[in-house]
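Participant: A single structure is presented below for examination.
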Amino acid sequence: MPTDGQIAIIGGGPAGLMAAETLAARGLRVDVYDAMPSVGRKFLLAGKGGLNLTHTEAHETFLSRYGARREYLAPWLQGFDAQALRDWVHALGHDTFVGTSGRVFPTDKKAAPLLRAWLHRLRESGVMFHVRHRWLGWAENNTLRFATSDGERQIRADAVVLALGGGSWAKLGSNGAWMPILQAQGVPVAALQPANCGFDVGWSEHLRTRFAGQPIKSVVLNFTAAAGAPFRKQGELMLTATGLEGGLIYAASARLRGAIAATGPATIHLDLAPGWELARLTREIAHPRGSRSLSSHLHSRVNIHGVKMALLREIGSAEDFADPARLAALIKALPIRLIAPRPLDEAISSAGGVMFEALDAHGMLRTLPGVFCAGEMLDWEAPTGGYLLTACFASGRAAGLGVLDWLGAI
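Just so we're aligned, residue 31 is where the sequence shown starts under this note's numbering, counting upward by one.
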């Protein structure tokens, strides 16, 4: 194998940039190619509402967030864990803080200053950036083909890191266009599917027009699939014109998507009054309300109002509202039938991609020596909370180390 050479990183997201940094730190020539006019666009989007970098929970709990792909990601996350990511941010001149839920953010909660500092350091280390270069695959002489504004360009590289993203947010560059290219090379891939996504319900026109966009705060989502452990988590949802979105349902999205694919529409149950025992809730509802409306009664006695009351009206029957015990039971376990996940391009992230079985221990494709994969284009998924970004960074570093090992540079 060669001892040095030119390295092509295709994809300028966190995984690709971390691979570039790992390689440039060892003195190799690194060129980063991206189809978009600038790199890090999805990274910037992730920071729009506050850049959640990682999470401070115990390492074993952290690893559990990756589900069936935990065993594959564990070595990479062991090499670059949540604390290592925080240290890396600090080395770029930015501080971090831990939120009340254990999530870690830059002090200013913004992605742009962090990305600027990172790109500056990469350029200083010799990394070259080539934007508006859309990867087309390989030519017959094994050179890399790129579509550019000046026509097709072919590049020869001694090693390649593919960090092309998944299939969500196509307008930012993650469109899954690489799938048929790799399939044609005999690389096994799993179909891309929405992850951390909303779900369609099919609300009435009244609920849709009056309450779309309103948060449903402090509820517990319960779901049990035909196979698998029960899911129970407290948090918030957002009622949309088509159904439900938000962190709480994102956390259950993998289970819900799988259940819908296996058996059709899935029913979740929302506890609209966490902390209330059923017996006490029933007594409060049964308390004489005099001339007050039922809506006013529920608001004053059990704090059910607004969008929660609207959901009860949407799903409950006249018989439910006439019987305090039935109404209390409905409040504690409101059934909502989810029809389908929202389209892939609306999802925060995607599942599917290059199967881990296609890679060796260093992240190199078994059928394409010298070609490594990293980031969201691999077949894994995780909930929001910093897990997505941490694994992207860790896999990029692992790919960079894999290239060094393959080149005999370490």
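Even for Gly, the Cβ is constructed at its ideal location relative to N, Cα and C. Nothing here was measured: the structure is a model prediction, and the numbers come from that model.
1. Pull up the CB-CB distance for S155 and A55, whole angstroms please, since I reckon it's below 8 Å.
2. State the Cα-Cα distance for the pair A221 and I361, rounded to the nearest angstrom.
3. Helix, strand or coil for V250 per DSSP?
4. Whose C-beta lies closer than 6 Å to the C-beta of A316 among residues of the same chain, with five residues either side of it excluded?
5. So, under 8 Å CB-CB, H85 and V134 are touching, yes? Tell me the CB distance rounded to an integer number of Å.
6. At which residues does the beta strand (DSSP E) containing M158 begin and terminate?
7. Let me know if R186 comes out buried or exposed under the rule of 16 or more other beta-carbons within 10 Å of its beta-carbon.
8. According to DSSP, F135 sits in a beta bridge with which residue or residues?
9. Tell me whether the beta-carbon of M394 lies closer than 8 Å to the beta-carbon of P218.
10. Identify every run of the beta strand (DSSP E) within the stretch 289-315, keeping only runs that are complete inside it and at least 3 residues long; order them along the chain.
11. Only counting runs of 3 or more residues, tell me where the beta strand (DSSP E) segments fall wholly within the stretch 211-243, in order along the chain.
12. Report yes if the C-beta distance between D188 and L431 is below 8 Å; otherwise report no.
13. Identify whether P32 lies in helix, strand or coil by the three-state DSSP scheme.
14. Could you pull the DSSP bridge partners for D350 from this structure?
15. Could you tell me which residues DSSP pairs with K263 in its beta bridges?
16. Give the secondary structure of I440 by DSSP, where H, G and I count as helix, E and B as strand, and everything else as coil.
17. In terms of alpha-carbon separation, which member of P295, A281, V249 lies closest to G232?
18. Have a look at L144 and M66 and give me their C-alpha separation to the nearest angstrom.
19. Mind checking whether F110 and R372 have CB atoms under 8 Å apart?
20. In angstroms with no decimal places, state the Cα-to-Cα distance between G41 and Q215.
21. If we count the other Cβ atoms within 10 Å of its Cβ and call it buried at 16 or more, is F127 buried or exposed?
22. Below 7 Å CB to CB, which residues in the same chain sit around S68 once its five sequence neighbours on both sides are set aside?
23. Can you say whether F423 is buried or exposed, counting buried as having 16 or more other CB atoms within 10 angstroms of its CB?
24. Under the rule that 16 or more other beta-carbon atoms within 10 Å means buried, what is R310, buried or exposed?
25. So if DSSP puts M394 in a beta bridge, which residue, or which two residues, is it bridged to?
26. Tell me the rounded alpha-carbon separation between Q264 and D301.
27. Less than 7 Å between C-beta atoms, sequence neighbours within five positions excluded: which residues of the same chain meet that for R238?
28. Compare the beta carbon distance of A193 and A49 with 8 Å and say whether it is the shorter of the two.
29. If we cut at 8 Å on Cβ distances, does A292 have a partner in chain D?
30. Pick out whichever of D64, D435, Y417 has its Cα sitting closest to the Cα of A281.
31. Just the C-alpha distance for F229 and T293, rounded to the nearest angstrom, thanks.
32. Decide if T312 is buried, meaning its Cβ has at least 16 other Cβ atoms within 10 Å, or exposed.
33. How is G426 classed by DSSP in three states: helix, strand or coil?
Facilitator: Taking the coordinates as given:
1. That belief holds up - the Cβ atoms of S155 and A55 are roughly 7 Å apart, short of 8 Å.
2. 38 Å
3. strand
4. P354
5. 6 Å
6. 158-160 is the span of the beta strand (DSSP E), which, as asked, contains M158.
7. Answer is exposed; the Cβ neighbour count stays below 16.
8. F127
9. With contacts defined as CB atoms closer than 8 Å, M394 and P218 fail to qualify as a contacting pair.
10. With a minimum length of 3 residues, the continuous beta strand (DSSP E) runs that stay inside the stretch 289-315 are 296-301.
11. 219-225
12. no
13. Caution applies to P32, whose pLDDT of 36 falls short of 50 and renders its modelled position unreliable; the value that the coordinates give is listed next. If DSSP states are grouped into helix, strand and coil, P32 belongs with coil.
14. Note: D350 sits in no beta bridge, so no partner.
15. DSSP output for K263 lists L251 as bridge partner(s).
16. Legend: pLDDT at I440 = 49, less than 50; position of this residue unreliable, value from coordinates given subsequently. In this structure, I440 counts as coil in the three-state DSSP scheme.
17. P295
18. 19 Å
19. At a Cβ-Cβ threshold of 8 Å, F110 and R372 do not count as neighbours.
20. Here the C-alpha atom of G41 lies approximately 19 Å from the C-alpha atom of Q215.
21. exposed
22. V161
23. buried
24. exposed
25. F402
26. 9 Å
27. A271
28. yes
29. The structure shown contains no chain D; it holds only a single protein chain.
30. Y417
31. In this structure, the CA atom of F229 is about 16 Å from the CA atom of T293.
32. Buried: at least 16 other Cβ atoms inside 10 Å.
33. helix
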